[in-house]
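J.: Got a structure here, written out as C-alpha cells. Questions coming.
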Ligand SMILES: Nc1ncnc2c1ncn2[C@@H]1O[C@H](COP(=O)(O)OP(=O)(O)OP(=O)(O)O)[C@@H](O)[C@H]1O
Ligand SMILES: [Mg+2]
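Chains as they are written, first to last, in the numbering used here: chain A, 126 to 608; chain B, 151 to 374.
Below you can see the structure in the form of C-alpha cells.
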C-alpha cells in the first residue's frame, strides 16, 4: 500500500469513526460556506435584483393613450400641464416599433426616446459606454448585445418597414409644397448619408440638412456644411447635377441621390428605411429593457417618418400620494390621454445599491471570520482531545511534517465536504432570501460551487494552522507518563 | 562497541534528581529488566533511551552516537528506525483497527504493508481480530497488538515500560513468551517492571533507587 493510500485511510477513518466531534467542525464549516455562498450569490445577483427594485424608484406616473389609437406629442404636452413644472423630475417619451437587422435576419423592439429624460426617470439603468448623444447612435440592451455579439462602436444597420396597407406614395405628390423630406444613399465606403429637406410653398427646397456621420469627417463631412448645402436652396426636385466638394465626390453624389429619392417624412410612408447606427452603450437593467434597442426621438422620427406618435410617457413626479391622485384626475379630464400611478419606493437613490453590496461584503467577511474562529476552536479541542494519540504518533516516529499533514488533511477534507454542502445549501439560502426580500428568484451561478469549495478549504486550512502548531508542540514523552 | 552506553547521566527537575549519575551498558541481544520503587526514575530513563527526552548531563551512546546532543529531527529518526515502544497503557489510535494501528508504524517508518501487518498480528495470535477497533479488544489483546506494532519494523531495541502492569496472568505469559521469542531472534529488550516474575525471565536486573543504580543482579536461573 502506498503512503498516500494509508494517509487517506487514516484521515477518512479519523473523520468517519470520530463522527460526533467532526460533525461539529463540519457543521461550522458547512454553515459558514452556506452563508458565504448564499451571500456571494446575492452579491452577484444584487445588481440584477436591485435593478428590478429600482425601476420603481424612477417613474411613478405613466401617460397612456385613452380612446385614441395612439398617444401624440401634442396630447402629452397638454397632459403635462396638469403637473406643476417644479414637481416634474423627468418625463420620458417612448415610441416602440419593430426594426429589422437584415444582416442577422433578426428583428428587435426599438424604442425612440429622450435620453436626458431617461436618466431622470430610470436612474437604475446601468450603461456600459454612454447614452447616445448624437444622431445615428444606438443603446443596445444587454440581451441583444449578447445574442448578436455587438460591442461598443459596432455598427448596426436597422431597417424600418411600415405596416402593410399604407397607401403607395406618389413621388411627385411627395415633393409637393411644404413637404418635409428625408432620404438616404450610399456614399464612400458604403456608408449611408442621410439627408432631410423642407420644401417651400412653391415646392422648391427651402432648407437642407445633411448627416454624413459615416463619412470621413474632414472630407465627406464637408458636405454637411452650408457652403455645400446652400447650392440646393431654391431648386426643384429632382436636381440634375451637383457641385461636388473636391475630394468628396462620392459623398456629394450620395447627397444628390438621397435628395432625388427622398420621401415625405411628415406623413406615413410605406417605404422601408434603412440606417446605420453606431453602438455607443450597452444597457443592463435586470428587466425586459435588456431585450430592446434605444435610439433618439429624432432618429425614430427619421426612420418612421412620424415625429408625432408616442406609445407611453414615463414620468417621475415628486409629490405626495394625494397630490398625485389629483394630477391623475386632471389628466383624465383631457381627450385621448390618461395617467396611471405606478407604485414606487420613496427613496430614489441608486447609491443604496452600492451600500447594499458593501454591506453584503462586510457580512461575508464577518461570517468568514466567525467560521474561522469556530473551526479553529473545534480543531483546538480536537487536538487537546487527541494529545495522547499525537504523542503516540510522535513516539512511533512521526515527524512534525507528518503530524501537520495529517491535521491539515483532515481540515481540508472537512473544508471540501463543507464547501460542497455549503455550495448547495447556499444556493437554497440565496434563493430563499431573494424570494422573500426581493420577490424574485435568482439564477444559479455554477462557478460559485468551485469557489465555495476552494474558499472553505482555504478557510479551514487557515483555521487549522494554530491548532496544528499546538499539535506539533506535543511532547511524545506524555505517552509514557500515562495520563 | 556496546549497543547502548549510558555514562554519568543525570536528569534534574528543579531540585529533584530524577536520575543521578547513572551508568549502564547494554550489549546487543541483551534482555535487561529495570526495577525499583515508584518515583525511582525508571520511566525517566526509558524516555531518555527512547529518544523522547534528553538528559540534563551525561552521555547516551546509541550505536556509538551520543543522542543527548542530537537535534529533535535526528531523535525522531532514531525512534522511527531503531526503537520499538511498548507502554503500560497500551496506547492505540482509537479510531483505527488493530491492523491499521500496526500499519501506522509502518507508515512512519517506510511503506505500509497490510500483509506483513497481518502476519505480525498472527504472531501475537490476533489475526482474527485484525479488523477490530481498540474498544472492541480486551486489555491483553490490545497489549499484544502493541507488541506486534513494536516489532513490525524490526527495531534494534524494544523498550517496554510496565508492559504487563495491566494484564492478567494468562496475558502476561503470552507477552513474556513473545519477548522470549524476540530475544532468541536477537532483539535487545529493556523492560521496566514491578513484577519479580517478569524480571526473572530477563538475563539481568538493574535496580534503581532515588535515581541511582542501587544494584545489578544477574539472573542465576537464566538459560535453565
Ligand atoms: N516532567 C517532570 N517534571 C518534574 N518532575 C518529574 C517529571 N517527570 C518525572 N518527574 C519526577 O521524576 C521522578 C522520577 O519519575 P519517573 O516517572 O521516572 O518514576 P518511575 O520510576 O517511572 O515511577 P513509577 O514506577 O511510578 O512509574 C519522580 O519523582 C517524578 O515526580
Ligand atoms: Mg514509570
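Idealized CB from N, CA, C, for every residue including glycine.
From the DSSP secondary-structure annotation, give me the bridge partner or partners of residue 399(A).
T.: Its beta-bridge partners are 284(A).
J.: Contact defined as beta carbons within less than 8 Å: I believe residue 235(B) pairs with residue 300(B). What is the distance between those atoms, to the nearest angstrom?
T.: With 8 Å as the limit, residue 235(B) and residue 300(B) qualify as a contact, their Cβ atoms being about 6 Å apart.
J.: Along the region 173 to 207 of chain B, what residues have a CB closer than 8 Å to any CB found in chain A?
T.: Flagged, chain order: 193, 196, 197, 200, 202, 203.
J.: Quick check: is the beta carbon of residue 322(B) nearer than 8 Å to any beta carbon in chain A?
T.: No, residue 322(B) lies away from the interface with chain A (no Cβ there is under 8 Å from its Cβ).
J.: Could you work out which residues of chain A lie near residue 391(B), taking near to mean beta carbons separated by less than 9 Å?
T.: This structure cannot settle anything about residue 391(B), because the visible part of chain B is limited to 151 through 374.
J.: I'd like to know whether the C-beta of residue 301(B) is nearer than 8 Å to at least one C-beta of chain A.
T.: Not an interface residue.
J.: Within 8 Å, do at least three Cβ pairs link the region 307 to 316 of chain B to the region 341 to 356 of chain B?
T.: Yes: the two stretches touch, three or more of their Cβ pairs being nearer than 8 Å.
J.: Closer than 9 Å by beta-carbon distance: list the chain A residues that pair up with residue 285(B), in chain order.
T.: Those within 9 Å of residue 285(B) in chain A number zero; the least Cβ separation is about 10 Å.
J.: Given the structure, does residue 186(B) come close to ligand 1, in the sense that its CB is under 7 Å from one of the ligand's heavy atoms?
T.: It does: the Cβ of residue 186(B) is within 7 Å (strictly closer) of some heavy atom of ligand 1.
J.: Could I get the ranges of all uninterrupted beta strand (DSSP E) runs contained in the region 237 to 264 of chain A, with 3 residues as the minimum, in chain order?
T.: Whole beta strand (DSSP E) segments, 3+ residues: 251 to 254.
J.: Give the C-beta separation of residue 302(A) and residue 326(A) to the nearest angstrom, bearing in mind that I take them to be a contact with Cβ-Cβ under 8 Å.
T.: Indeed they touch by this definition, with Cβ atoms about 5 Å apart.
J.: Is there a C-beta anywhere in chain A that falls below 8 Å from the one on residue 255(B)?
T.: Closer than 8 Å to some Cβ of chain A, the Cβ of residue 255(B) qualifies, so yes.
J.: Please report whether the beta-carbon of residue 504(A) lies at a distance below 8 Å from any beta-carbon of chain B.
T.: Not closer than 8 Å to any Cβ of chain B, the Cβ of residue 504(A) fails to qualify, so no.
J.: Within its chain, find whatever has a CB closer than 7 Å to the CB of residue 541(A); leave out the 5 residues flanking it on each side and keep chain order.
T.: So the qualifying residues of the chain are 578, 582.
J.: Mind listing, in chain order, the continuous beta strand (DSSP E) runs of no fewer than 3 residues lying wholly within the region 264 to 329 of chain B?
T.: Qualifying beta strand (DSSP E) stretches, in chain order: 307 to 311.
J.: Can you pull the chain E residues whose beta carbon is under 9 Å from the beta carbon of residue 491(A), in chain order?
T.: Absence of chain E from the displayed structure is noted, the protein chains being A and B.
J.: Using a beta-carbon distance below 8 Å, is residue 521(A) in contact with chain B?
T.: Yes, because at least one Cβ of chain B sits closer than 8 Å to the Cβ of residue 521(A).
J.: Rounded to whole angstroms, what's the CA-CA distance from residue 214(A) to residue 454(A)? Just pull it up for me.
T.: Rounded to whole angstroms, residue 214(A) to residue 454(A) spans 20 Å at the Cα level.
J.: Measuring CA to CA, which of 265(A), 231(A), 521(A) is closest to residue 228(B)?
T.: Of the candidates 265(A), 231(A), 521(A), the one whose C-alpha sits nearest the C-alpha of residue 228(B) is 521(A).
J.: With a cut-off of 8 Å on the beta carbons, I'd call residue 337(A) and residue 346(A) a contact; round off their distance for me.
T.: Indeed they touch by this definition, with Cβ atoms about 6 Å apart.
J.: Is it the case that the CB of residue 309(B) approaches a heavy atom of ligand 1 more closely than 7 Å?
T.: No; taking the cut-off as 7 Å, the Cβ of residue 309(B) has no heavy atom of ligand 1 nearer than that.
J.: Whole angstroms is fine: what's the gap from residue 428(A)'s alpha carbon to residue 343(A)'s?
T.: Distance between the alpha carbons of residue 428(A) and residue 343(A): 27 Å.
J.: Please list, in chain order, the chain B residues whose beta carbon lies closer than 8 Å to that of residue 584(A).
T.: The premise fails here: residue 584(A) is roughly 25 Å from chain B at the closest Cβ pair, so nothing lies under 8 Å.
J.: DSSP on residue 251(B), reduced to helix/strand/coil?
T.: Reduced to three states, the DSSP call for residue 251(B) is helix.
J.: Taking the alpha carbon of residue 539(A) as the point to measure from, which residue in 280(A), 137(A), 524(A), 323(A) has its own alpha carbon closest?
T.: Nearest C-alpha to residue 539(A): 137(A).
J.: For chain A, find out if any of its Cβ atoms is closer than 8 Å to the Cβ of residue 262(B); answer yes or no.
T.: It does; some Cβ of chain A falls within 8 Å.
J.: Would you check whether ligand 3 has a heavy atom nearer than 7 Å to the C-beta of residue 204(B)?
T.: Ligand 3 is absent from the structure shown, which contains only ligand 1 and ligand 2.
J.: Can you tell which of 196(B), 328(B), 276(B) has the C-alpha that lies nearest to the C-alpha of residue 172(B)?
T.: Residue 172(B) has its Cα closest to that of 196(B), out of 196(B), 328(B), 276(B).
J.: Going by DSSP, what residues sit across from residue 417(A) in a beta bridge?
T.: Its beta-bridge partners are 234(A).
J.: Using C-beta distances below 6 Å, list every residue in its chain close to residue 237(A), excluding the 5 sequence neighbours before and after it, in chain order.
T.: If we look at residue 237(A) and ignore the five residues flanking it on each side, its Cβ neighbours are 220, 420, 422, 425.
J.: Taking 7 Å as the limit between beta carbons, can you name the residues of its chain near residue 600(A), skipping five residues before and five after?
T.: So the list reads 516, once near-sequence residues are dropped.
J.: Tell me whether residue 183(B) counts as near ligand 1, meaning its Cβ is closer than 7 Å to at least one heavy atom of that ligand.
T.: Answer for residue 183(B): no, Cβ out of range of ligand 1.
J.: Helix, strand or coil, according to DSSP, for residue 595(A) in the structure here?
T.: Helix, per DSSP.
J.: Beta-carbon within less than 7 Å of residue 211(A)'s beta-carbon, same chain only, minus the 5 sequence neighbours each way: which residues are those?
T.: For residue 211(A), where only same-chain residues beyond five positions count, there are no Cβ hits under 7 Å.
J.: Of all Cβ atoms in chain A, is any one closer than 8 Å to the Cβ of residue 229(B)?
T.: Judged by the 8 Å Cβ criterion, residue 229(B) is in contact with chain A.
J.: Beta carbons nearer than 8 Å to chain B: which residues of the region 576 to 604 of chain A have them?
T.: Answer in chain order: 600, 601, 602, 604.
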